[in-house]
Structures are given as C-alpha cells and as structure tokens.
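Have a look at the structure below, then the notes.
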Amino acid sequence: VQLWTRGEERLSMLSPAARELEVLGLGWTVGTPDGGVEAEVLVVHSFEELESLGAEAVQGRIVLFDVPFTTYGETVAYRRDGPGAAEALGAVAALVRSVSPESLYTPHTGTTNYKTRPGIPAAAVTLEDAEWLRGLQEAGTPARLRLELGAKDGGEGISHNVIGEIPGREKPEEVVVI
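Counting in the working numbering, the sequence shown runs from 3 upward without gaps.
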C-alpha cells in the first residue's frame, strides 16, 4: 500500500488578529516547508468564481473553498479537486470548508486528488472558521494565515489486517461486520 502520515498540523491567523484555527490535513496532502506557508487568504464559493478571478487574484495566496454542504457527492468535489484548481492558478495552499452539514467546531476530512505532483498543501477547516474568514473578506478586512502541515509520503510498504470471528450465542449463523 501507499504509506502516508499526517504529522503535526497547525493553522494560525496572523492578522487581523492572532488566533489558532482548527485544521486537519486532507488525506494524501503534501506537507509544507519548514516554517509553513504564510499568505493572505482568498475565499471563493465555487470553481467558477475561482476561474473568473484568474491567476492575478490567486497567485501567492491561500485559497479557501467556502462551499456550503448540499449533498456529499456534490460538495466533496471541492475537497477532491479544489487544491489542484487553486494550484493551477498559482495558489500556495488550499483550504476547504469541511464537507459536512453540521459542525461542533471540528474539521472533517477525506482525501484529495492531485492532478499533478507534488501539489500544494491542503487542509480542511471548520464550518465556523470558513464562515468567519468569509465575513472578514466581505467586510474588506484581509486575513493572513500560516499553514503548517507535517504530512509525509512514505512510499510503498506492507500493510496488515486483523480478522477475528466471534460466534454469537443467540444467532451464531448471522454475520456482523465492523
């Protein structure tokens, strides 16, 4: 199997206020260089909006896809393809609003799919932080972030599974898979 480890993760707002944000690296993301990636965030709501802004607006920024949940199949496209779309226009990192209809200030993640390698660092943020960053942008207040991801690609390696069978007392012929 392909071996990948998440490593240490951190997202810091540097301005307009110093604050730590919850973050969770997307599966298969690349890590950041030592010291992280620091840039102004650009909040977008769709692939079409990102494309319409073009490379001049995206270059050197951290792109945040703030896309509210509709269905999993529809909204997950931003986690899967968003980092590649942002990278193609010159972004230094990508963030996605967690693909979830509800949140308790917890990020939700899954894998991303880079069209080219190595790709840019990519992570999920909470619904609340995505909305807050969007509000700052709408108010004309730039937000500067530092993203630090310790993700590492470990190449290929051996994986193992554990399989056990415990027959039930009342219905031993039935199977439950966990």
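We put the beta carbon where it would ideally sit given N, CA and C, even for glycine.
(Q) Given a cut-off of 9 Å on the beta-carbon distance, is the pair E24 and T118 in contact? (A) At a Cβ-Cβ threshold of 9 Å, E24 and T118 do not count as neighbours.
Q. Using a threshold of 8 Å, is the CB atom of E89 nearer than that to any non-hydrogen atom of the ligand PLP?
A. For the structure depicted, the ligand PLP is absent and the ligand set is empty, with no information on it obtainable.
(Q) Taking the straight line between their C-alpha atoms, what separation do you get for R8 and E172? (A) Within the model, the alpha-carbon separation for R8 versus E172 is close to 42 Å.
Q: Thinking I122 and V101 are a contact (beta carbons under 8 Å), I'd like their distance in whole angstroms, please.
A: The C-beta distance from I122 to V101 rounds to 19 Å, too long to meet the 8 Å contact threshold.
Q: Would you check if the segment 156 to 169 and the segment 59 to 77 touch, i.e. whether three or more CB-CB distances between them fall below 8 Å?
A: Contact fails: fewer than three Cβ-Cβ distances are below 8 Å.
Q: Check the C-beta distance from V45 over to Q139 and give it rounded, since I have them as a contact under 8 Å.
A: Yes, they are in contact, since the Cβ atoms of V45 and Q139 sit about 5 Å apart, within 8 Å.
Q) The alpha helix (DSSP H) spanning D131 covers which residue range? A) According to the DSSP assignment, D131 belongs to the alpha helix (DSSP H) that extends over L129 to E140.
(Q) Using 9 Å as the threshold, is the C-beta distance between V98 and G84 below it? (A) Contact annotation: V98 and G84 have beta-carbon atoms nearer than 9 Å.
(Q) Based on DSSP bridge pairs, tell me the residues matched to W6. (A) Secondary-structure assignment with DSSP links W6 through a beta bridge to D155.
**Q.** Same chain only: Cβ atoms within 6 Å of L55, ignoring 5 sequence neighbours per side
**A.** Close CB contacts of L55 within its chain, under the 6 Å cut and outside five residues either way in sequence, are absent.
Q: Could you round the C-beta distance between A153 and G27 to whole angstroms and report it? I think they count as a contact, below 8 Å.
A: Separation of the CB atoms of A153 and G27 is rounded to 5 Å, and the pair is thereby assigned contact status at 8 Å.
Q.
I'd like to confirm the pairing. Which residues does DSSP put opposite A88 in its beta bridges?
A. DSSP output for A88 lists no bridge partner at all.
**Q.** Identified DSSP bridge partners for L106
**A.** According to DSSP, which records beta bridges pairwise, L106 is partnered with nothing at all.
Q: Have a look at R81 and T31 and give me their C-alpha separation to the nearest angstrom.
A: In a straight line, the C-alpha of R81 is about 11 Å away from that of T31.
Q.
Checking the sheet assignment: what are the DSSP bridge partners for L55?
A. In the DSSP output, where bridge partners are listed per residue, L55 has none listed.
Q: Would you mind working out which of Q4, L5 and M15 sits nearest R184, comparing C-alpha positions?
A: In the structure displayed, the chain extends from 3 to 180; residue 184 sits before or after that span and is not available.
Q) Closest by CA to Y107, which one among A126, A96, F49 and N115? A) That would be A126, whose Cα lies nearest to the Cα of Y107.
Q) From which residue to which residue does the beta strand (DSSP E) around G27 run? A) G27 -> beta strand (DSSP E) spans V25 to G27.
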